[in-house]
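First up is the structure itself, then whatever we jot down about it.
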Amino acid sequence: MTDRYAVFGHPIAHSKSPQIHAAFARQTGQDMRYEAILAPLDGFADSVAAFVAAGGCGANVTVPFKQEAFRLANRLSPRAQHAGAVNTLAFDAGGTVGDNTDGAGLVADLTRNLNCALTGKRILLLGAGGAARGVIEPLLDQQPMELVVANRTVSRAQELAALFGRGVRACSFDATDTSFDVVINATAASLAGDLPPLSPRVFTAGTLAYDMMYGGDTPFLDFARTHGARTADGLGMLVEQAAEAFHLWRGVRPDTAPVIAALRQDGLKGENLAASPLRGQRT
Ligand code: NDP
57 MTDRYAVFGH PIAHSKSPQI HAAFARQTGQ DMRYEAILAP LDGFADSVAA
107 FVAAGGCGAN VTVPFKQEAF RLANRLSPRA QHAGAVNTLA FDAGGTVGDN
157 TDGAGLVADL TRNLNCALTG KRILLLGAGG AARGVIEPLL DQQPMELVVA
207 NRTVSRAQEL AALFGRGVRA CSFDATDTSF DVVINATAAS LAGDLPPLSP
257 RVFTAGTLAY DMMYGGDTPF LDFARTHGAR TADGLGMLVE QAAEAFHLWR
307 GVRPDTAPVI AALRQDGLKG ENLAASPLRG QRT
């Protein structure tokens, strides 16, 4: 029988996950089906329960249900515990396992696809919301020289620094005026077409500026490029976090490069992502 998987979100129509997992399944010869399910805002747990009752084997979870998925799982991976959120569920006889593959997806995109080793590097992470929290531990595991979290509301960055320890520093945007090797935008500013008020001095010719949002240029990427940095959007992270979930469910690792290339060429064409409320969302 064909195994069933799904992504739950609200809204969900723009999700790229069904395309990505269908490509992975074709590539690896897995007998599986993957669909997008619009869960009612007050009915996430019921939707998941109905899916499991119908034979669902696993699921991805996107906005706004990642915290609810965290509470729903009866076993959590260490990386889900650190992230405080779940984007991947696996259903088995013991119940529901919750995992978080976003940080691994970001690190894979940076280190493998963009050839940017993080060990010994100075990293500036912009934002202190759910997306930032989810990537801190996997970034620290790469043993950077320094990880600084800058946020509009400084107290939220300080909370994250205290939560993770391991030398993480917190500051405001205007306190960041030295250069970094990697600057990651995990704020929601790009969604609104805004630029976090950054000093151009954070960028040098050797800096990689990475916006977690995908689907084209953002004010952050424009600004970074103008000040000499090389830039990348978050499409690779989207595909890599999906590959990590696929590996968890199926035990095989798909080749992400052709899927990223296909999405860049065709998958994002014809969509007015700039006008879409889902522009830049990961799953
Ligand atoms: P949250 O709402 O949890 O956090 C938003 C963050 O952005 C906060 O740090 C907030 O600062 C900051 N922010 C919002 N607007 C501005 C602005 N105009 N200028 C500067 N800072 C701003 O959102 P998420 O963390 O879930 O999402 C953030 C980004 O990550 C989005 O662009 C989204 O595309 C992407 N994303 C990534 C996901 C992933 O799985 N990797 C999942 C979902 C989104 P403050 O604390 O001061 O309010």
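Numbering (the working numbering), first residue to last: 57 to 339. Backbone N, C-alpha and C define an ideal beta-carbon position, used for all residues, glycine too.
Query: Under the three-state DSSP convention, the category Gly159 falls into; Result: helix
Query: DSSP-derived helix/strand/coil call for Gly85; Result: coil
Query: Asp102 burial status per 10 Å Cβ neighbour count (16 or more: buried); Result: exposed
Query: Beta-carbon proximity of Pro310 to Thr84, cut-off 7 Å; Result: yes
Query: Check: Pro67 C-beta below 6 Å from any heavy atom of the ligand NDP; Result: no
Query: Length-filtered (3 minimum) beta strand (DSSP E) runs lying within the region 104-170; Result: 112-117, 144-148, 151-155
Query: Alpha carbon of Lys325 to alpha carbon of Leu319, nearest angstrom; Result: With a pLDDT of only 49 at Lys325, under 50, the local geometry of the prediction cannot be trusted, and the value read off the model is given with reservation. C-alpha separation (whole angstroms): 8 Å.
Query: Segment contact flag, the region 265-280 with the region 207-221, C-beta cutoff 8 Å, min 3 pairs; Result: no
Query: Buried versus exposed, by CB contacts within 10 Å (16 or more), Ala288; Result: buried
Query: Proximity below 7 Å, CB of Ala62 to CB of Ala110; Result: no
Query: Glu193 to Met88 span [Cα, whole Å]; Result: 31 Å
Query: Per-residue burial, Met201 [other beta carbons within 10 Å of its own, 16 or more giving buried]; Result: exposed
Query: Spatially closest choice to Val238 from Ala81, Leu182, Ala78, Thr274, by CA coordinates; Result: Leu182
Query: Span of the alpha helix (DSSP H) around Ala261; Result: Element bounds for Ala261: n/a, residue is neither H nor E.
Query: Ala330 (DSSP reduced to helix, strand or coil); Result: Unreliable positioning characterises Ala330 in this predicted model, as indicated by a pLDDT of 34, which lies under 50. The coordinate reading is nonetheless provided below. Ala330: helix per DSSP, three-state reduction.
Query: The ligand NDP heavy atom lying under 6 Å from the CB of Pro120; Result: no
Query: Selection from Asn171, Cys172, Val224 that minimises the alpha carbon distance to Ala188; Result: Val224
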